[in-house]
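Structure first, commentary second.
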Amino acid sequence: MDDFFLSEEQRQIRDTVRKFVESELIPLEPRLIRRETEGGSGASPGLTDEEQKDLQGKARALGFWGIDLPAEYGGVDLDPVTQSVIHEELGRTIVDFHFGGSVLPALFTCNDEQKERYLYPTIRGERVSCIAISEPGSGSDARAMRTTALRDGDDWVINGEKCWITRGHIADYVILFARTPSAEAPDGITCFLVDRSRGWTSAQIPVMGSRDKVGSLAFDNVRVPSTAILGKVNRGFDHAMPFIYRNRGYVLSAKNIGAMARIIEMTIEWARNRKVFGKLLCDRDNIVQAIAEMEVALRTSKLLVHHAARKAAAGVDFRHEACTVKAYVARTANQVVDRALQIHGAMGYAKENVIERWYRDLRVERIYDGSDEINLANVARNLFKGHVRPGEMF
Ligand SMILES: Cc1cc2nc3c(=O)[nH]c(=O)nc-3n(C[C@H](O)[C@H](O)[C@H](O)COP(=O)(O)OP(=O)(O)OC[C@H]3O[C@@H](n4cnc5c(N)ncnc54)[C@H](O)[C@@H]3O)c2cc1C
């Protein structure tokens, strides 16, 4: 039955993904934890390519492939609310699984020749892409990037360094943002599609969590033809922002809701069974109050994500919502996992417990795709410039 929030179809999709997560992904958690603790340096704490592809095949048999891919490319292109419901369910595990058939949306702006070379093989899982904006000297302030692409006849010559690039160490091409200064546009930034075979190099950067594996990229006189330009010269950021707002509003934030829900479930279970000084934790007021507060925070987060997803589904401007949601949910998820770990005591700190992994994995949510401070700065700007009225959500 449809209700105010979800249709019958959306509920069915949610239930199917939930079953998939419970039967296929959660059972893999101990293996991934062992892989990290026993693997030694350089061991990937995530799924192997083979495991990822095998799981994607199983998910595809259930109809989950290309969930955000336009129908013209063979995807099902689900609406943002349904996508958020799916991401929430996927967020209930530390297993770094993603459905097949999803690509960085910037690739949809490829011309026909670029589609053959980059878009279609990436959809098929034959090529690995990354998107490179951040640099050692510029992260939040992306427009301060120093990587340049300078015209040389019909070619462009690229010099500079990128860092923190998800999949940058394994990608075989990069969607690169570079400064293309000219007399007409001294601060112009343009987007290029650059094959690794053109000569850029990379190295993995070890980081705290396992959600994203990142690399640095070096460009030393890398020469590309004009056909490498994605879209128009000096219009680079047109390709980045829709993807970033989507992530903030109903992809990453939805995943964090799923994580919070499972963490709270685990904490309730723990409190029901752990005795201290002759009394169960669940019989102690401070513990149950803390869990109740976690539930309030989760529900508030969920409503915010749903609201942003609904606005996105309606095709209206949801940028203010995306920033509000990201700033609130990322911080809330970190508070929830911190409290849950505290209630678990040493067992929360142990590698064998997924809460330990989440404690590390969730931390990055406050940094990437717009840090807390950047999202709050956007919210403040919208308020002070009068773009939105305080609290006017509907
Ligand atoms: C796991 C991971 C994956 C990533 N993947 C990618 C990727 O695929 N592609 C890519 O291009 N980048 C990627 N990044 C980089 C990410 O986008 C940046 O980390 C992010 O933009 C923040 O930049 P920064 O780390 O340089 O911090 P800075 O910009 O140096 O900020 C440092 C601190 O100052 C605060 N701050 C910044 N500006 C202000 C301000 N105006 N007022 C108050 N405080 C401020 C920040 O919030 C932060 O707390 C990734 C990062 C991580 C950790």
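Residue numbers (my numbering): 2 to 395.
Heads up, the beta-carbon is just placed ideally off N, CA and C, and yes, glycines get one too.
Chain-order list of residues whose beta-carbon lies under 8 Å from that of residue i (same chain, five-residue window excluded)
i: Gln84; result: Ile68, Asp69, Tyr251, Val252, Ala255, Ala310
i: Cys283; result: Ile269, Ala272, Arg273, Val289
i: Pro391; result: Leu384
i: Leu56; result: Glu25, Leu26, Leu48, Phe98
i: Gln11; result: Val82, Thr83, Val86
i: Asp318; result: Lys312
i: Glu296; result: Ile265
i: Lys276; result: Leu282
i: Glu357; result: Leu342, Gly349, Tyr350, Ala351
Reduced DSSP secondary structure (H/G/I, E/B, other) of residue i
i: Tyr174; result: strand
i: Asp80; result: coil
i: Lys280; result: strand
i: Ile166; result: strand
i: Ser203; result: strand
i: Arg36; result: helix
i: Arg19; result: helix
i: Ala179; result: strand
i: Asp69; result: coil
i: His99; result: coil
i: Glu30; result: helix
i: Gly75; result: coil
i: Glu185; result: coil
i: Lys92; result: Checking the sequence, you will find Gly at residue 92 rather than Lys. Looking at Gly92 - three-state DSSP - the assignment turns out to be coil, as it is neither helix nor strand.
i: Asp4; result: coil
i: Glu393; result: coil
i: Asn376; result: helix
i: Val86; result: helix
i: Asn383; result: helix
i: Leu108; result: helix
i: Leu56; result: helix
Endpoints, the beta strand (DSSP E) within which residue i is located
i: Leu194; result: 190 to 196
Neighbourhood of residue i by C-beta, 6 Å cutoff - its chain only, sequence neighbours within 5 removed
i: Ala331; result: Glu366, Arg367
i: Arg93; result: Val22, Gly259, Arg263
i: Ser203; result: Gly169, His170, Gly216, Leu218
i: Glu89; result: Ala255, Ile258, Gly259
i: Thr123; result: Val104, Ser130
i: Val389; result: His321, Asn383
Unbroken alpha helix (DSSP H) run spanning residue i, endpoints
i: Leu48; result: Looking at the DSSP string, Leu48 is not in any alpha helix (DSSP H), and its letter there is neither H nor E.
Cut-off 7 Å between Cβ atoms - residues of its own chain near residue i, not counting five sequence neighbours on either side
i: Thr325; result: Leu305, Val380
i: Tyr329; result: Ser302, Leu305
i: Phe238; result: Ile190
i: Asp80; result: Ala314
i: Gly200; result: Val223
i: Thr38; result: Lys352
i: Val373; result: Checking the sequence shown, residue 373 turns out to be Asp, not Val. Here the set comprises Ala328, Ala331, Arg332, Arg367.
Residue i CB to nearest heavy atom of ligand 3 below 7 Å
i: Ile166; result: Of the ligands one can find in the structure shown, namely ligand 1, none is ligand 3.
*asked:* Which complete beta strand (DSSP E) runs does the stretch 205 to 276 hold, if anything under 3 residues is left out?
replied: Counting only unbroken stretches of 3 or more residues, the beta strand (DSSP E) elements lying wholly within the stretch 205 to 276 are 215 to 226, in sequence order.
*Counting only runs of 4+ residues fully inside the stretch 116 to 162, write out the alpha helix (DSSP H) ranges in chain order.*
121 to 124
*Unbroken alpha helix (DSSP H) runs of length 4 or more, entirely within the stretch 285 to 373: which are they?*
You should have 286 to 314, 320 to 345, 347 to 350, 355 to 362.
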